[in-house]
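Residues in the sequence shown are numbered consecutively from 134, following our numbering. The beta-carbon is built from N, C-alpha and C at its ideal position, and this holds for glycine as well.
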Amino acid sequence: MISASPSRTLSTGKFSSKPFSPNLSKTYQQKYTYTKTPAENGGHAVIRALVFDLDGTIVQFSIDYMAVRAEAIQALRELGIPSSLLSMNEPIFDGMKRAELYLKNNGESQERIEQVRRTVYSIADKHEMNAAKLTSLTPGALDALRALKEDGLKLGIFTLNGRLSVDYVLNRFQLKQFFDSIITRDEAPALKPDPAHLSAVLKELRVRPEETAVVGDTVRDMKSARALGALAIGITTGLADEKALRRAGAEHIIDALTELPQLIRCLNQS
134 MISASPSRTL STGKFSSKPF SPNLSKTYQQ KYTYTKTPAE NGGHAVIRAL VFDLDGTIVQ
194 FSIDYMAVRA EAIQALRELG IPSSLLSMNE PIFDGMKRAE LYLKNNGESQ ERIEQVRRTV
254 YSIADKHEMN AAKLTSLTPG ALDALRALKE DGLKLGIFTL NGRLSVDYVL NRFQLKQFFD
314 SIITRDEAPA LKPDPAHLSA VLKELRVRPE ETAVVGDTVR DMKSARALGA LAIGITTGLA
374 DEKALRRAGA EHIIDALTEL PQLIRCLNQS
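See the structure below:
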């Protein structure tokens with residue numbers, strides 16, 4: 134099921150000659166009133182690129198996040214980071230960022246600050262690689278990616294996962310061929326929702342934010358898109374539900390990747 138934001142209007146007219154879902158065109162025509170100019174579609178130009186989150190969107194990692202947090206917090210404590218800066222109730226990268234700021238504010242060397250990041254990333258890499266061996270492909274992902282590439286779209290990934298597990302999973306499922314840019318946490322100048330992460334992908338894709346749709350299952354993904362002015366498409370195959378994705382700025386919601394190609398065709402129709 135595709136759900137569009139009430140404030141966004143799409144244009145009527147013919148869909149692609151390669152309908153991805155036989156009932157999708159009818160569903161859109163019944164539910165929405167469309168305008169004819171994609172550039173006027175909520176301020177967005179024709180979508181030329183899609184940037185995906187990975188875990189929870191394209192693949193389903195089976196990571197024990199509580200185990201990752203517990204191990205990372207213990208390691209950071211041993212490095213002298215106060216327990217008050219660390220929490221089991223949030224992503225470990227948030228605690229890592231606070232730990233780095235704490236060291237910087239206390240005049241610690243850059244080497245010491247980088248030690249914190251290396252420690253956390255090493256722990257995350259270990260758990261991610263263990264999970265990568267059991268990772269499954271999100272239903273319909275392969276067909277959706279193939280259809281999007283056939284439609285001439287540029288595809289990218291921005292992910293908090295590390296390069297080791299990302300390459301392993303993409304090679305395992307033969308997905309790397311579909312992507313023109315892949316920025317993991319290891320290459321990102323800053324981690325999403327900081328817009329620098331998404332910006333790095335757009336730079337490699339050579340597209341503007343308004344020509345881009347971001348597809349993800351987390352609040353971070355939606356916030357990243359909105360921060361740069363890209364179209365935010367939430368998918369309910371991962372961590373966040375529709376309500377949370379909407380609150381974070383999702384303009385469209387899909388329940389499966391199989392819905393995505395036709396949604397983009399509808400948005401781009403003239």
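How many Å lie between residue i and residue j at the Cα?
| i | j | result |
| --- | --- | --- |
| A389 | E241 | 47 Å |
| S269 | N238 | 42 Å |
| Y417 | N401 | Here the chain has residues from 134 to 403 only, and residue 417 is not among them. |
| T345 | R245 | 38 Å |
| T391 | G285 | 17 Å |
| K259 | D276 | 30 Å |
| T351 | A373 | 5 Å |
| C399 | R210 | 51 Å |
| Y235 | D319 | 21 Å |
| I316 | G382 | 22 Å |
| P322 | A358 | 16 Å |
| R231 | M221 | 14 Å |
| A257 | L267 | 16 Å |
| Q207 | T252 | 11 Å |
| V179 | S195 | 36 Å |
| Q310 | E233 | 36 Å |
| V405 | N263 | Because residue 405 is not part of the residues shown, which for the chain are 134 to 403, the question remains open. |
| A274 | V192 | 8 Å |
| I397 | P215 | 47 Å |
| K364 | R380 | Strictly speaking, residue 364 in this sequence is Leu, with Lys absent from that position. In a straight line, the C-alpha of L364 is about 14 Å away from that of R380. |
| S314 | V340 | 12 Å |
| E283 | D327 | 31 Å |
| L335 | K376 | 27 Å |
| Y198 | L278 | 28 Å |
What does the Cβ neighbour count give for residue i, buried or exposed, with the cut at 16 atoms within 10 Å?
| i | result |
| --- | --- |
| D354 | buried |
| A200 | exposed |
| L338 | buried |
| L183 | buried |
| G367 | buried |
| L293 | buried |
| D188 | buried |
| R202 | buried |
| Q243 | exposed |
| K356 | buried |
| E247 | exposed |
| Q307 | exposed |
| K325 | buried |
| P272 | exposed |
| S217 | exposed |
| E223 | exposed |
Identify whether residue i lies in helix, strand or coil by the three-state DSSP scheme.
| i | result |
| --- | --- |
| L293 | coil |
| I386 | strand |
| K282 | helix |
| N401 | helix |
| A323 | coil |
| K266 | coil |
| E392 | helix |
| F185 | strand |
| T345 | strand |
| V340 | coil |
| T206 | The sequence shown places Ile at residue 206, rather than the Thr named in the question. Here I206 sits in helix by DSSP. |
| L335 | helix |
| V192 | strand |
| L364 | strand |
| S220 | coil |
| S255 | helix |
| I246 | helix |
| I225 | helix |
| L288 | strand |
Assuming residue i and residue j make a contact with CB atoms under 8 Å, what is their CB distance in whole Å?
| i | j | result |
| --- | --- | --- |
| S332 | L288 | Contact doesn't hold; Cβ gap of about 17 Å is too wide. |
| L393 | I387 | 6 Å |
| L219 | V249 | Not really, about 11 Å apart at Cβ, beyond 8 Å. |
| T417 | T369 | The chain is shown only over 134 to 403; residue 417 falls outside these bounds and no answer can be derived. |
| F185 | V348 | 5 Å |
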